[in-house]
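The opening residue of the sequence shown carries number 4 in this note's numbering; numbering runs sequentially from there. Below is one structure; the comments refer to it alone.
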Amino acid sequence: MTGVTLTWLGQAGFLLRADGVATVSRLDLAVALLPDGPTVAAVAAASPACRVVVPEPVTDQAVAAGVPASRVVGAVAGEPVPGLPVPVHPVPARHGVDVADAYTFGHELSGGRTRYLGYVIELGGARIYHAGDTVWWTGQEDELRRLGVHVALLPINGRDPVREAANIVGNLDHREAALLAHAAGVDLPVPMHWDMFEANLGFPEQLVATVSRLDLAVAVLVPKRLRPFRPRRARPGQYA
């Protein structure tokens, strides 16, 4: 059994806990995919010792939202974040501010720097990948294999012309998430980013069906909101 407990907070939010790091009442580290103003400000206010990690090109947005600059940590793709209570490895993501500039690493908006990130977090004997908002990109599975990811928190809401016409930037769909997890050698994909917005829903049962139909060597855990779970490898590729 791993020593980390995950709690799904809804949409793309997860609380990760292990001995000595991150409790419900006091957070030691907040890793943000994008510096959503009200969210990061609330986290920073509730947990005065918390460090807030955001992509380096948007650190100014976190400060503008109310997080003290001394507690904002800028993350750079491919460079482990120094000075944190646990190892955090930033991984590029392909997303967009609007559909017009979407499905890139955001270099054009950020002076050549990677604007969108996921993160691999080492905690309690597990390496957990939070993909953030992303579609598949060339070499993604190789990077996850290199980092030895055990658990992958993957968006499954997908994308289509109807939603893009409404300026909704999409993500991986259920099939892409399943194939990415399999190709990356992940033990346990966990679907996320599927429940909150009526116009942008995903369907975790389709992820489960895809894994079964394609006979992929992964097990899927569909989380329940606010119900903690602890990954436990019963044998390679299976969790209980």
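Glycine is no exception: its CB is placed at the ideal position from the N, C-alpha and C atoms.
Paired residues, beta bridge with residue i - DSSP
i      : result
PRO194 : LEU157
THR10  : LEU18
PHE206 : The partner list for PHE206 (beta bridge, DSSP) is empty, contrary to what the question assumes.
PHE232 : LEU9
VAL125 : Val is not the amino acid found at residue 125; the sequence shown has Glu there. Answer is ARG130, bridged to GLU125.
PRO60  : For PRO60, which the question treats as bridged, DSSP gives no partner whatsoever.
ALA78  : PRO58
Member of the options whose CA lies at the smallest distance from the CA of residue i
i      : options                       : result
GLN64  : SER113, GLY135, VAL211, LEU12 : SER113
ALA44  : LEU126, LEU9, VAL70, LEU147   : VAL70
VAL152 : ALA187, ASN160, PRO60, MET195 : ALA187
ARG74  : ALA169, VAL34, GLY127, GLY109 : VAL34
LEU147 : THR107, GLY81, PRO207         : GLY81
ALA212 : ASN203, ARG228, ALA181        : ALA181
GLY99  : PRO207, ARG230, PHE108        : PHE108
HIS177 : ILE171, LEU87, ASP145, LEU210 : LEU210
ALA15  : THR42, VAL91, ASP163          : THR42
Residue i (DSSP reduced to helix, strand or coil)
i      : result
ALA67  : helix
THR42  : helix
ASP176 : strand
ALA245 : Because residue 245 is not part of the residues shown, which for the chain are 4 to 243, the question remains open.
LEU112 : helix
ARG97  : coil
ALA243 : Legend: pLDDT at ALA243 = 38, less than 50; position of this residue unreliable, value from coordinates given subsequently. Note: ALA243 maps to coil in three-state DSSP.
ALA47  : helix
LEU147 : helix
ARG213 : The sequence shown places Thr at residue 213, not Arg. THR213: helix per DSSP, three-state reduction.
Outcome for residue i when other beta-carbon atoms lying within 10 angstroms are tallied against a minimum of 16
i      : result
LEU157 : buried
GLU59  : buried
ASP136 : buried
GLY161 : buried
SER215 : exposed
ARG228 : exposed
Anticipated Cβ contact below 8 Å, residue i with residue j, distance rounded
i      : j      : result
VAL57  : GLY77  : 7 Å
VAL189 : LEU224 : At roughly 12 Å, the Cβ-Cβ gap does not stay under 8 Å, so VAL189 and LEU224 are not in contact.
ALA155 : TYR119 : The Cβ separation is near 17 Å, so there is no contact.
GLY11  : PRO234 : A small correction: the amino acid at residue 11 is Trp; Gly does not occupy that position in the sequence shown. Incorrect: roughly 13 Å between the Cβ atoms, too far for contact.
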